[in-house]
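Asker: To start, I am sharing the structure in question, which I have written as structure tokens.
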Amino acid sequence: MSSIVQFGLPLFDFRYNDVFDTKGAVKAFLETHRDKLKEYIDNYEKLLNESYLYRAVDGHSFGTYQASQLLQNVSDGNFFGVHHKMILQNGDEITSHEELQQKMTEEQNRILGDDQLKKVFEKITKAIDKNTELRGFKKVIESHPEWIGEMLNYENFRQKVWLGFLSKDDIKPIFESYIKVYNENKDDLINVLKEAEKQQAKWEDIITLYNARFHVPIKVSIENQRDIILKQDAAKLQFSYVQDGGEPIVKEKKELEKILSRGEKRAFIILQFLFEMESRKLLEHDTIVVMDDIADSFDYQNKYAIVEYIKDLSESQNIYLLILTHNYDFYRTLTSRLSLKGDSLWMVERSSDNSVVLLPGQYRGDVFAKAFVGKDEDDKIFISMIPFVRNLIEYTKGVNSTEYDTLTNCLHHKKDTKDITDKEVMDILKNYTLGKGLKRQSSDKKIYSLIMSVAESIVQEETPDPILIENKIVLSIGIRHLAENYMHDKIISTGKGEEDLVVSGNQTGRWTGLYKKYCPNDKNKVIIERVNMMTPEIIHINSFMFEPLIDMSIYHLISLYKDCKALF
1 MSSIVQFGLP LFDFRYNDVF DTKGAVKAFL ETHRDKLKEY IDNYEKLLNE SYLYRAVDGH
61 SFGTYQASQL LQNVSDGNFF GVHHKMILQN GDEITSHEEL QQKMTEEQNR ILGDDQLKKV
121 FEKITKAIDK NTELRGFKKV IESHPEWIGE MLNYENFRQK VWLGFLSKDD IKPIFESYIK
181 VYNENKDDLI NVLKEAEKQQ AKWEDIITLY NARFHVPIKV SIENQRDIIL KQDAAKLQFS
241 YVQDGGEPIV KEKKELEKIL SRGEKRAFII LQFLFEMESR KLLEHDTIVV MDDIADSFDY
301 QNKYAIVEYI KDLSESQNIY LLILTHNYDF YRTLTSRLSL KGDSLWMVER SSDNSVVLLP
361 GQYRGDVFAK AFVGKDEDDK IFISMIPFVR NLIEYTKGVN STEYDTLTNC LHHKKDTKDI
421 TDKEVMDILK NYTLGKGLKR QSSDKKIYSL IMSVAESIVQ EETPDPILIE NKIVLSIGIR
481 HLAENYMHDK IISTGKGEED LVVSGNQTGR WTGLYKKYCP NDKNKVIIER VNMMTPEIIH
541 INSFMFEPLI DMSIYHLISL YKDCKALF
């Protein structure tokens, strides 16, 4: 390349982006209209072959580019200054730079003035006019239609343009100095590039792992693998959109953001973050990474992919993680997969005075087995086991089971709710304690009275523990009893009978509907609505996910309990 520049090449004088635009519009036009352009070139070359100056004989070609190159090489006057001369094929002699330029101009005008060539050129310009992004390109070929043949070999033409630019008198010395530096450091650069090639397998492994772990319609590749090593750049990713088994289509980031779902967008963003982390691993200093609800909006298979990546990062020597989440399942999964100990887990609560409290993290494993079983001597734990076991019976014996009915009656206002004893409940619960039985002493104390007295004791605590699940479950059951007792009495007071209150399904929700229907003007409707919204998911622990239990503030429940108690 250096020798070519030193020898000198003709300058293609035009605005670079008019032909080599960043959007690729010109290249696309050249590909789409190749037939029209080829027709123009065929006519143009036919006229060239009729020229006494421009010729193509036995595979050898002397066209406008070669003529321009020749003109460039004799432009300093030395060739003709020593009385050399050129003799053309037709016998004409050229003895000066000016004569050569005049001959070239005459032949060019003759060729471009051909009527047939003009007609073909008009077809090309009409096609160009349909795309406003090609206005600059149109000006270039109108000024230099002889370049069309060069442009069809687009990348080769780009190289010629650059070589012509580098051959300029004011640019050539700068270019030559760069070449000198390159040659002096060539061996070192080659060694670095070899090291970069060794690292390529690592980045390809990361790509393969991502494509395997994440279930999104995206396939990923890396554009700048060498620069990651040479410049310590973050990886520049290329994304291809794949749908319904079709061929991958390369998409820009903005295009992908319009196509992907919210969860897929998060996977897309997280992928870029992961490559940023990989580039940071190459640095010597420490990195602290804060992740805030990173698993939000993912489906489960992608959520677990995130967990695996976090595990990988946690094993890096110079990366430290601070992970924040409202998602209890994510919290518990991370705890298990990363084998986290108690001093790495914390729960944040807001106290009654609105200050933020940081408490040791709890409920890392099987909550029922680890937090409740074997601890039933605590009344709060004993009461909290009722909805857990009720769910287990629902899944094993069904809702028509006598045991299921008994535990349901402990949680709702029923005919025999206030008659069920501690012993009756124990007889049911003991069969669901992993063979460990119950530790509390059996008694004939009424379970309803126990629930309400324990709920009251929690409300009276000076600083109730804001994390404990049992506090929240007992309060929720107490709140529900108070609300259902109130709705029962209000509906009956309108003249309705007990038979009108017999419902199937969610009793609190159904009774709320009846209450609003028969007592539309009752001033306490807002409180009942709050009960209906806040307590069902806490008492009915669906799939043992515990999200509502963790998120619900103990102080909100205490406030609601007091409001319900004030109904009477």
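For the sequence shown, our numbering assigns the number 1 to the initial residue and increments by one for each residue that follows.
Glycine included, C-beta positions come from ideal geometry on N, C-alpha and C.
#1: Output the distance between the C-alpha atoms of serine 594 and serine 493, rounded to the nearest integer angstrom.
#2: For lysine 436, tell me which candidate among Ala483, Glu498, Leu482, Phe368 has the shortest Cα-Cα distance.
#3: With lysine 85 and glutamate 93 assumed to form a contact (beta carbons below 8 Å), what rounded beta-carbon distance in angstroms separates them?
#4: Taking 8 Å as the threshold, find out whether the segment 106 to 118 comes into contact with the segment 43 to 55 through three or more Cβ pairs.
#5: Curious, which full-length alpha helix (DSSP H) runs of at least 4 residues does the segment 445 to 529 contain?
#6: Apply the 10 Å Cβ neighbour rule to tyrosine 182 and answer buried if 16 or more other Cβ atoms are within range, or exposed otherwise.
#7: How would you call aspartate 621, buried or exposed, if buried means at least 16 neighbouring beta carbons within 10 angstroms?
#8: Can you find at least 3 beta carbon pairs, one from the segment 521 to 530 and one from the segment 478 to 489, that sit closer than 8 Å?
#9: Would you kindly check if the distance between the Cβ of alanine 67 and the Cβ of methionine 104 is under 7 Å?
#10: Quick check on lysine 608: buried or exposed, where buried means 16 or more other Cβ atoms within 10 Å of its Cβ?
#11: Within this structure, are the beta carbons of isoleucine 381 and lysine 375 separated by less than 7 Å?
#12: When DSSP labels each residue in this structure, what does tyrosine 320 get in the three-state scheme?
#13: Taking 7 Å as the limit between beta carbons, can you name the residues of its chain near glutamate 403, skipping five residues before and five after?
#14: In the DSSP assignment, the beta strand (DSSP E) including isoleucine 288 goes from what residue to what residue?
#15: Excluding five sequence neighbours on each side, which residues of the same chain lie with their C-beta closer than 6 Å to the C-beta of leucine 324?
#16: Going by the beta-carbon positions, is the gap between arginine 337 and lysine 311 smaller than 7 Å?
#17: Taking 7 Å as the threshold (C-beta atoms), are lysine 439 and glutamate 377 in contact?
#18: Identify every residue that forms a DSSP beta bridge with isoleucine 94.
#19: Hey, is the segment 158 to 174 in contact with the segment 10 to 23, meaning 3+ C-beta pairs nearer than 8 Å?
#20: When the Cα of asparagine 90 is compared with those of Ala212, Ala305, Leu53, Arg110, which residue comes out closest?
#21: As a quick exercise: from Gln507, Asp366, Asp379, Glu456, pick the residue whose alpha carbon is nearest that of leucine 411.
#22: In whole angstroms, what is the alpha-carbon distance linking glycine 497 and asparagine 521?
#23: On the criterion of 16 or more Cβ atoms from any shown chain inside 10 Å, does aspartate 170 qualify as buried, or is it exposed?
#24: Just reading off the alpha helix (DSSP H) that histidine 556 is part of, what are its end residues?
#25: Please report the Cβ distance between valine 140 and valine 19, rounded to the nearest whole angstrom; I am assuming they are in contact, meaning their Cβ atoms lie under 8 Å.
#26: So for glutamate 99, helix, strand or coil by DSSP?
#27: Under three-state DSSP, which class holds phenylalanine 575?
#28: Do leucine 450 and valine 373 have their CB atoms nearer than 7 Å?
#29: On the criterion of 16 or more Cβ atoms from any shown chain inside 10 Å, does methionine 151 qualify as buried, or is it exposed?
#30: Considering only the alpha carbon of each residue, which of His60, Leu30, Ser355 lies closest to tyrosine 555?
#31: Kindly indicate which residue of Tyr178, Tyr395, Asn391 has the alpha-carbon position closest to the one of threonine 408.
#32: For lysine 36, which residues in the same chain have their Cβ closer than 8 Å to its Cβ, ignoring the five residues on either side in sequence?
#33: Measure the alpha-carbon distance for tyrosine 40 versus isoleucine 148 and round it to whole angstroms.
#34: Taking 7 Å as the threshold (C-beta atoms), are proline 464 and isoleucine 458 in contact?
#35: Kindly indicate which residue of Leu482, Ser442, Ser553, Cys519 has the alpha-carbon position closest to the one of cysteine 564.
#36: May I ask which residues mark the beginning and end of the alpha helix (DSSP H) holding arginine 390?
Answerer: Looking at the coordinates:
#1: No answer is possible for residue 594: the residues shown for the chain start at 1 and end at 568.
#2: That would be Phe368, whose Cα lies nearest to the Cα of lysine 436.
#3: Indeed they touch by this definition, with Cβ atoms about 5 Å apart.
#4: Three or more Cβ pairs drawn from the segment 106 to 118 and the segment 43 to 55 lie within less than 8 Å of each other, which places the two stretches in contact.
#5: Qualifying alpha helix (DSSP H) stretches, in chain order: 447 to 460, 469 to 493, 507 to 518.
#6: Counting of Cβ neighbours within 10 angstroms places tyrosine 182 among the exposed residues, the total staying below 16.
#7: Residue 621 lies beyond the range of the chain shown here (1 to 568); nothing can be said about it.
#8: The segment 521 to 530, when compared against the segment 478 to 489, does touch it at the 8 Å Cβ threshold.
#9: Between methionine 104 and alanine 67, the CB-CB gap stays under 7 Å.
#10: Not covered by the structure: residue 608. The range shown for the chain is 1 to 568.
#11: Contact: yes.
#12: If DSSP states are grouped into helix, strand and coil, tyrosine 320 belongs with the strands.
#13: In chain order, Ile393, Lys397, Ile428 place their CB closer than 7 Å to the CB of glutamate 403, counting only its own chain and leaving out the 5 sequence neighbours on each side.
#14: It spans 287 to 292 - the beta strand (DSSP E) in which isoleucine 288 sits, taken as one unbroken run.
#15: Within its own chain, the residues whose Cβ lies closer than 6 Å to the Cβ of leucine 324, once the five positions on either side in sequence are excluded, are Asp292, listed in chain order.
#16: It is a contact, given that the beta carbons lie within the stated cut-off.
#17: Yes, these two residues count as a Cβ contact at 7 Å.
#18: When DSSP reads this structure, isoleucine 94 sits in a beta bridge with Met86.
#19: Contact holds: three or more Cβ-Cβ distances are below 8 Å.
#20: When each option's Cα is compared against that of asparagine 90, the closest is Leu53.
#21: When only C-alpha atoms are compared, the closest one is Gln507.
#22: Across the structure, glycine 497 and asparagine 521 are spaced so that their CA atoms are roughly 20 Å apart.
#23: If you draw a 10 Å sphere on the C-beta of aspartate 170, you find fewer than 16 other C-beta atoms in it, and that means exposed.
#24: It spans 554 to 565 - the alpha helix (DSSP H) in which histidine 556 sits, taken as one unbroken run.
#25: Yes, valine 140 and valine 19 are in contact; Cβ-Cβ is about 6 Å, under 8 Å.
#26: When secondary structure is reduced to three states using DSSP, glutamate 99 falls in the helix class.
#27: An answer regarding residue 575 cannot be provided, because it is not within the stretch 1 to 568 covered by the chain.
#28: The beta carbons of leucine 450 and valine 373 sit no closer together than 7 Å.
#29: Buried is the call here.
#30: By alpha-carbon distance to tyrosine 555, the top candidate from His60, Leu30, Ser355 is Ser355.
#31: Out of Tyr178, Tyr395, Asn391, the CA that lies nearest to the CA of threonine 408 is found in Asn391.
#32: In the same chain as lysine 36, and ignoring 5 residues on each side of it, the C-beta atoms closer than 8 Å to its own belong to Val120, Lys123, Ile124, Ala127, in chain order.
#33: In a straight line, the C-alpha of tyrosine 40 is about 8 Å away from that of isoleucine 148.
#34: Yes; because the gap between Cβ atoms is below 7 Å, this pair is in contact.
#35: Cα-wise, what sits closest to cysteine 564 is Leu482.
#36: Secondary structure note for arginine 390: its alpha helix (DSSP H) is the uninterrupted segment 379 to 396.
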